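With the working numbering, letter number 376 in the sequence shown gets 377, and the count goes up by one each step, no holes.
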Amino acid sequence: MWAWGLAERAAAGLLGSADAHGGRWNTAVAVGVTAAAGIALVAIVVSSRRGGIKSPWRRRRRKHVLAAKEWRSLFTPEGKFNDGGVKLVKKVRNGGVEPSIRAEVWPFLLGVYSLNSSQAEREAVKEHNRRGYLLLRKHCLRKRNEESQRPNEASGVNHEKSISPGKLEESVTSVGSEEQPENGSVEEHMKSEEENSSAILQQEIQAAKALPENKVDENVCSSSSLDGDGSEKSDMTHVEAACNDVASVRQSSVEDEEESMPRYSNSGGNIETETELSKVACHVKSARAVEDFETWQRIIRLDAVRANNEWVSYSPSQAAVTRERAIESAQAVCLKDYEHLEAHRIHHASRLVAILEAYATYDPEIGYCQGMSDLLAPLIAVLEEDDEAFWCFAGFMRKARHNFRLDEVGIRRQLNMVSKIIKNKDFRLYRHLEMLEAADCFFVYRMVVVMFRRELTFEQTLSLWEVMWADQAASRAGIARSSWGKLRLGAPPTDDLLLYAIAASVLEKRKLIIESYSSMDEIIRDCNNMAGQLDIWKLLDDAHDLVVTLGDRVE
2 MWAWGLAERA AAGLLGSADA HGGRWNTAVA VGVTAAAGIA LVAIVVSSRR GGIKSPWRRR
62 RRKHVLAAKE WRSLFTPEGK FNDGGVKLVK KVRNGGVEPS IRAEVWPFLL GVYSLNSSQA
122 EREAVKEHNR RGYLLLRKHC LRKRNEESQR PNEASGVNHE KSISPGKLEE SVTSVGSEEQ
182 PENGSVEEHM KSEEENSSAI LQQEIQAAKA LPENKVDENV CSSSSLDGDG SEKSDMTHVE
242 AACNDVASVR QSSVEDEEES MPRYSNSGGN IETETELSKV ACHVKSARAV EDFETWQRII
302 RLDAVRANNE WVSYSPSQAA VTRERAIESA QAVCLKDYEH LEAHRIHHAS RLVAILEAYA
362 TYDPEIGYCQ GMSDLLAPLI AVLEEDDEAF WCFAGFMRKA RHNFRLDEVG IRRQLNMVSK
422 IIKNKDFRLY RHLEMLEAAD CFFVYRMVVV MFRRELTFEQ TLSLWEVMWA DQAASRAGIA
482 RSSWGKLRLG APPTDDLLLY AIAASVLEKR KLIIESYSSM DEIIRDCNNM AGQLDIWKLL
542 DDAHDLVVTL GDRVE
């Protein structure tokens, strides 16, 4: 009514009375009606948009990624963020990260480095984490040694003729197969491997770097130290890590290693504080038996050789690895059945094995489940240092680990939340899902477990994850708690943005589901064939709409 009245007053003021200008009045009325209709339409659209809260995704296509030059400008001379990381989080949420700087940005988003840390503090954390990763790899090597000795014990082989445990730690880094050679004794075979490994070890030990001992947490690192200055960038892969591992912590006993080895802690906070575990926590033993670790190793190797090569264009240096180095990597982790693979895929598979084994040791409650390699593969494509990739993966898994619990409590909670979002947003669709016995949203199970990895392209996956990590970083740092932080971010962050995105993808297909599908199997088939069909930025826009309108009701 106010729009109509405005049109009438405007027309009367411009044209005078209807008696004096009959023909002109009719024209004015027509113009006024048209104007009123347009204004009313705008009013309806504005009033229906999220209660007046502006979405940061609304003009997402016009936003730019966080570029290298802008990234450098965010820091003070001491290496701290100028504003505590608010601009970083906002920029990533709005447009993602330029591929060339992802390796630098991701550790902040995943909690490896605090948003309030200085450059010096980050260098100490990096060395601290590197040593922790080496200890985890040493533990994996010892486990593999024990596993290889069990068949010999069963067959009555005299282990006094075998290589000593200390030397076996060296030779295990270059093992290529668990099969025994056809000719020659076991002793000669192990001696040969020892000599080869020693040659590699002498070359790689020169590259080992370390910070002074007082900069490294004693609960994560062993009392052994490496020579050199740890401030330089390391090109260490899991092959070099295994060799450096033997040299740097050979002096420590098995008991000392168990005490100092980092373990997952659910105490909350950033990774650098969580790895400062008490000795009591380090002594906690997993309820799983040794056989479980052997099972994890077997499944990890199977999944690793099946990994695709979507990542190749994102890591030219890894794609150009020589076959000789790739085979060396495979032998270091006892990879099998890789002969048919290209060199870069062998190297990629070897890195997957090394890091996933270390994580199974770090978090034995979860260990390894199929699907975890899907989450790690994009990370190691971007992060070329295994220790940094491991801790970024550990940060990622802090939220994702609940997807792999044997009791499936985490999965059920997330599926229930997706169901609640759909129910509150589109009750008609929800009722139809109930009729199909699909209201539990089990048809999006795969999307939840591997976080859209199989429904999106490689680049889309990275973009979605970066936005998701930025939301989690904002929550972790408490940026959104202040009024100024909320104003700068433009919208509330959530730890469950992925679930809103999944619900949005289902709501997008509401008409097809209601009119065409008569069973949950049909919906599952459609969801599994969704790869390449999603517009990631539109999906994020729709997901954020749901966060704003339904967040208080479903979380």
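Cβ atoms here follow ideal geometry from the backbone N, Cα and C, with glycine treated the same way.
Quick caveat: nothing in here was measured; it's all calculated off a predicted structure.
Option in the options with minimal Cα separation from residue i
{"i": "Gly368", "options": "Ala104, Arg264, Gln473 and Trp72", "result": "Arg264"}
{"i": "Ala382", "options": "Glu124, Asn130, Ala320 and Leu457", "result": "Ala320"}
{"i": "Val449", "options": "Met521, Ala532 and Ala504", "result": "Ala504"}
{"i": "Ile422", "options": "Trp392, Asp497, Cys393 and Pro379", "result": "Asp497"}
{"i": "Leu116", "options": "Val98, Glu556, Leu89 and Glu124", "result": "Leu89"}
{"i": "Asp338", "options": "Arg302, Arg406, Pro493 and Ala478", "result": "Arg302"}
{"i": "Ser314", "options": "Pro100, Leu547, Arg455 and Asp388", "result": "Pro100"}
{"i": "Ile356", "options": "Asp387, Pro365 and Glu329", "result": "Asp387"}
{"i": "Leu353", "options": "Val322, Pro317, Arg307 and Glu366", "result": "Arg307"}
{"i": "Met521", "options": "Ala390, Arg402 and Phe443", "result": "Phe443"}
{"i": "His345", "options": "Thr323, Thr362 and Pro365", "result": "Thr323"}
{"i": "Leu541", "options": "Val468, Val507, Asn530 and Arg511", "result": "Val468"}
{"i": "Tyr114", "options": "Glu340, Ser316, Val555 and Ala474", "result": "Ala474"}
{"i": "Val93", "options": "Arg477, Trp470, Val126 and Ser318", "result": "Trp470"}
{"i": "Arg145", "options": "Val126, Arg414 and Val334", "result": "Val334"}
Coil, strand or helix - residue i by DSSP
{"i": "Phe82", "result": "strand"}
{"i": "Phe570", "result": "The chain is shown only over 2 to 556; residue 570 falls outside these bounds and no answer can be derived."}
{"i": "Val383", "result": "helix"}
{"i": "Phe453", "result": "coil"}
{"i": "Val98", "result": "strand"}
{"i": "Leu303", "result": "helix"}
{"i": "Leu437", "result": "coil"}
{"i": "Leu67", "result": "strand"}
{"i": "Ala544", "result": "helix"}
CB contact flag (residue i, residue j, <8 Å)
{"i": "Leu384", "j": "Phe397", "result": "no"}
{"i": "Leu457", "j": "Leu535", "result": "yes"}
{"i": "Ile515", "j": "Ala439", "result": "no"}
{"i": "Phe405", "j": "Tyr360", "result": "no"}
{"i": "Met262", "j": "Leu137", "result": "yes"}
{"i": "Ala305", "j": "Leu336", "result": "yes"}
{"i": "Asn529", "j": "Arg447", "result": "yes"}
{"i": "Lys510", "j": "Asp527", "result": "yes"}
{"i": "Gly96", "j": "Lys64", "result": "yes"}
{"i": "Gly112", "j": "Ile480", "result": "no"}
{"i": "Ser351", "j": "Ser330", "result": "yes"}
{"i": "Lys426", "j": "Leu508", "result": "yes"}
{"i": "Glu295", "j": "Glu148", "result": "yes"}
{"i": "Asp364", "j": "Arg414", "result": "no"}
{"i": "Pro494", "j": "Ser476", "result": "yes"}
Where residue i falls, given that 16 or more other Cβ within 10 Å makes a residue buried
{"i": "Asp553", "result": "exposed"}
{"i": "Gln371", "result": "exposed"}
{"i": "Gly80", "result": "exposed"}
{"i": "Phe428", "result": "exposed"}
{"i": "Thr77", "result": "exposed"}
{"i": "Ser517", "result": "exposed"}
{"i": "Arg432", "result": "exposed"}
{"i": "Val548", "result": "buried"}
{"i": "Val419", "result": "buried"}
{"i": "Glu389", "result": "buried"}
{"i": "Gly533", "result": "exposed"}
{"i": "Ala69", "result": "exposed"}
{"i": "Glu340", "result": "exposed"}
{"i": "Leu407", "result": "exposed"}
Cα-Cα separation between residue i and residue j, rounded to whole angstroms
{"i": "Ser464", "j": "Arg326", "result": "31 Å"}
{"i": "Asn83", "j": "Leu67", "result": "16 Å"}
{"i": "Pro108", "j": "Phe453", "result": "21 Å"}
{"i": "Gln298", "j": "Leu142", "result": "11 Å"}
{"i": "Thr462", "j": "Val445", "result": "16 Å"}
{"i": "Phe459", "j": "Trp312", "result": "7 Å"}
{"i": "Lys91", "j": "Arg131", "result": "30 Å"}
{"i": "His545", "j": "Ala502", "result": "8 Å"}
{"i": "Asp441", "j": "Leu499", "result": "17 Å"}
{"i": "Ser519", "j": "Met436", "result": "9 Å"}
{"i": "Ile347", "j": "Asn310", "result": "10 Å"}
{"i": "Ile102", "j": "Lys424", "result": "40 Å"}
{"i": "Phe391", "j": "Tyr134", "result": "8 Å"}
{"i": "Leu75", "j": "Ser316", "result": "26 Å"}
{"i": "Gln98", "j": "Leu551", "result": "Reading off the sequence, residue 98 comes out as Val, not Gln. When rounded, the distance between both Cα atoms is 28 Å."}
{"i": "Ile328", "j": "His349", "result": "11 Å"}
{"i": "Asp543", "j": "Glu122", "result": "39 Å"}
{"i": "Gln120", "j": "Ile300", "result": "39 Å"}
is_contact[residue i, chain D] using C-beta, thresh 8 Å
{"i": "Ala331", "result": "The structure shown has no chain D; it contains just one protein chain."}
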